[in-house]
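Counting in our numbering, the sequence shown runs from 11 upward without gaps. All C-beta atoms in this analysis are idealised placements derived from N, C-alpha and C, irrespective of residue type, glycine included. What follows is a short report on a single structure.
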Amino acid sequence: IEPVYQNLYVKSNLSGEFTVVNPYLVDDLKAQGLWDDVMVNDLKYYDGSVQNIDRVPDNLKAIYSTAFEIDSRWLVEAASRRQKWIDQGQSLNLYMAEPSGKKLDNLYKLAWVRGLKTTYYLRSLGATAVEKSTTQESEVKAAEPEPKVCSILDPDCEACQ
């Protein structure tokens with residue numbers, strides 16, 4: 011049981027890139043008449059988070075918090091309560107937007123005190139973000155490279171030596 015990474019993101023694999031949208035969020039937004047192109051663009055702009063979109067009601071903001079918006083201590087608490095009912099172990103991924111040594115130390119001590127057998131990955135946000143932009147063109151035009159040809163007038167040309 012893991013929180014949603016983002017409500018809208020692009021996934022890449024060998025077949026290409028495709029957009030992943032949280033279908034439950036879409037259903038709830040459609041039920042309230044809020045799902046439209048503007049909402050899609052807002053989700054893209056806010057990196058799949060609904061927290062800064064004013065027209066999303068507070069009850070949906072609470073339900074659709076992303077993994078980095080949920081306090082990692084609550085993930086540890088929930089996992090520790092499940093642990094008692096699991097025969098083996100569980101792979102608990104932890105999410106921390108801005109990890110520090112102190113935060114990590116406190117979080118892993120909490121996991122140990124609560125009796126968790128394992129944690130799996132600690133995921134953090136990237137140090138850089140891609141510039142947000144859109145384009146109407148279906149194809150990006152790259153600059154054509156200059157052809158590599160020999161120039162007799164170039165005294166440094168190795169082929170002419």
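Would you please state the rounded distance, in angstroms, between the beta carbons of residue i and residue j? I believe it to be under 8 Å.
{"i": "Q16", "j": "S59", "result": "7 Å"}
{"i": "Y105", "j": "F78", "result": "5 Å"}
{"i": "K21", "j": "E27", "result": "7 Å"}
{"i": "R92", "j": "Q100", "result": "7 Å"}
{"i": "W45", "j": "L39", "result": "4 Å"}
Which one of the options has the shortest CA to CA distance from residue i?
{"i": "N116", "options": "D81, P165 and L39", "result": "D81"}
{"i": "L175", "options": "D46, G111, K71 and W84", "result": "Given a span of 11 to 171 for the chain in the structure shown, any question on residue 175 remains unanswerable."}
{"i": "E108", "options": "L70, N23, V14 and S134", "result": "S134"}
{"i": "S110", "options": "I96, A89, W95 and L132", "result": "L132"}
{"i": "L114", "options": "Q98, V86 and W95", "result": "V86"}
Work out the CA separation of residue j and residue i for me, nearest whole Å.
{"i": "V150", "j": "L126", "result": "Confidence at V150 is low in this model, with a pLDDT of 48, below 50, so its placement is unreliable and the value that follows should be read with caution. Answer to the nearest angstrom: the Cα atoms are 49 Å apart."}
{"i": "S25", "j": "Y19", "result": "16 Å"}
{"i": "T128", "j": "N69", "result": "32 Å"}
{"i": "S148", "j": "V48", "result": "Unreliable placement is indicated for S148, whose pLDDT of 48 sits below 50; the coordinate value is still reported in the next sentence. So the alpha carbons of these two residues sit roughly 20 Å apart."}
{"i": "L35", "j": "N23", "result": "24 Å"}
{"i": "P67", "j": "V50", "result": "16 Å"}
{"i": "Q42", "j": "A72", "result": "16 Å"}
{"i": "G136", "j": "A89", "result": "25 Å"}
Can you find a heavy atom of the ligand MN that lies under 7 Å from the Cβ of residue i?
{"i": "D164", "result": "Judged by which ligands are present, the structure shown has none, so any question about the ligand MN falls away."}
Would you be able to state if there are at least three C-beta pairs under 8 Å between the region 29-37 and the region 120-140?
no
Please list the segments of the alpha helix (DSSP H) lying wholly inside the region 76-151, counting only runs of 4 or more residues, in order along the chain.
82-93 and 111-123
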